[in-house]
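Each remark here refers to the structure printed beneath this line.
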Ligand code: NAD
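Here it is, written out as structure tokens:
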């Protein structure tokens, strides 16, 4: 019997009712692993949350595995090239949280530009009028140029939401045509450099790949306008954090708002934690979370598995070039 296993089960998904029902209805067995690779060695389909990484040498040991599906959007915890070479399909849950991440991004932009988290702290500390005299450098949002890096499912929703604030929205996404960028509500730029030089605030919405790893680094940070801001709800690895800290310390950047860091959770002695809370906003990789998104996530994973079990390549396949090792209909 085909065996589907969750490699690294989490309490939040218990009792895995949707996945179990869909998989058993398809005639397969559904079982929970224990966080070890040994337990999933004979699985035909492996589901993973976010506590395990799947490097090439672990994928090679999964001799029966036809698919690894990740509970989430980013699949940067799986060696995609190695999976493709081995004929293992990699799938994700592409849409369950895109609205929430866009909302969270706009929330971070407002928190940073309006000083919301800092104002709350000041009021609680008994300072009501004092904050008005202290220059918090509040910009007028409608006069700002916001640069979006990556205009996929999340980036485009951020653009839609920001349109309501009247700001100018630029986007850099080399995988989209200028016409597609305009259709998604932004003005195209020719290069990342052009975007960085023009934006008052840059918001990152790219997957973490070899190409995007540390794309915000010492060199690209220097291209930002003095006083610019950076918001990141994509992956911590997209930013060189040391360079970011230095840019804040030199006052080249006004502020940053980060939902993702590398590594996570943030270490207790991270310099960002000691910085001015007006200028550094941190949230704990919370962008995707809301009461409705978790069941949607489980449905998307169940759908990917049932597609595969019925002999089809799941629509959410992240390595479409894969030649599935035991054959599938495309
Ligand atoms: P998506 O695949 O729909 O969009 C990503 C966009 O980035 C695409 O349009 C792609 O062309 C573009 N891109 C790729 N490489 C690029 C590059 N070098 N420069 C500029 N653009 C580039 O993905 P999405 O649903 O919008 O999600 C984006 C990322 O957000 C995910 O990969 C994930 O890492 C992250 N994410 C975070 C959370 C959270 O809780 N904070 C939740 C979901 C997703």
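Numbering (this note's numbering), first residue to last: 186 to 515. Ideal placement from N, C-alpha and C gives every residue a C-beta, glycine not left out.
With a threshold of 16 other CB atoms inside 10 Å of the CB of residue i, please say whether the residue is buried or exposed.
i	result
residue 289	buried
residue 291	buried
residue 360	exposed
residue 329	buried
residue 483	buried
residue 396	exposed
residue 478	buried
residue 194	buried
residue 293	buried
residue 264	buried
residue 190	buried
residue 449	exposed
residue 458	exposed
residue 400	buried
Please find out if some non-hydrogen atom of the ligand NAD comes closer than 6 Å to the beta-carbon of residue i.
i	result
residue 258	yes
residue 281	no
residue 138	Because the chain is modelled from 186 through 515, residue 138 falls outside the range shown and cannot be assessed.
residue 418	yes
residue 294	no
residue 290	no
residue 466	no
residue 286	yes
residue 392	yes
residue 396	yes
residue 421	no
residue 472	yes
residue 334	yes
residue 201	no
residue 339	yes
residue 358	yes
residue 363	no
So, at 6 Å on beta carbons, what are the nonlocal neighbours of residue i in its own chain, with the 5 sequence-adjacent residues on each side left out?
i	result
residue 303	462, 463
residue 187	213, 229
residue 510	272
residue 307	316
residue 363	373
residue 446	421
residue 485	278, 281
residue 217	191, 194
residue 335	358, 390, 391
residue 398	422
residue 222	243
Looking only at its chain, what residues have a beta carbon closer than 7 Å to the beta carbon of residue i, apart from the 5 residues adjacent to it on each side?
i	result
residue 341	369, 370
residue 337	390
residue 199	none
Can you find the residues in the same chain that come closer than 8 Å, C-beta to C-beta, to residue i, ignoring five residues on each side of it along the sequence?
i	result
residue 268	239, 244, 253, 274, 275, 504, 507
residue 405	377, 378, 381
residue 207	487, 488, 490, 491
For residue i, is the beta carbon positioned less than 6 Å from some heavy atom of the ligand ATP?
i	result
residue 263	The ligand ATP is absent from the structure shown, which contains only the ligand NAD.
Is there contact between the stretch 346-357 and the stretch 433-447, where contact requires at least three CB pairs shorter than 8 Å? no
Indicate whether the contact test is met: 3 or more Cβ pairs, each with one atom in the stretch 382-391 and one in the stretch 408-425, closer than 8 Å. yes
Whole beta strand (DSSP E) runs in the stretch 353-409 with 3 or more residues, listed along the chain? 353-357, 386-389
Hey, which unbroken runs of the beta strand (DSSP E) at 3 residues or more fall wholly within the stretch 454-507? 465-467
Counting only runs of 4+ residues fully inside the stretch 233-316, write out the alpha helix (DSSP H) ranges in chain order. 241-246, 265-271, 283-299, 301-309
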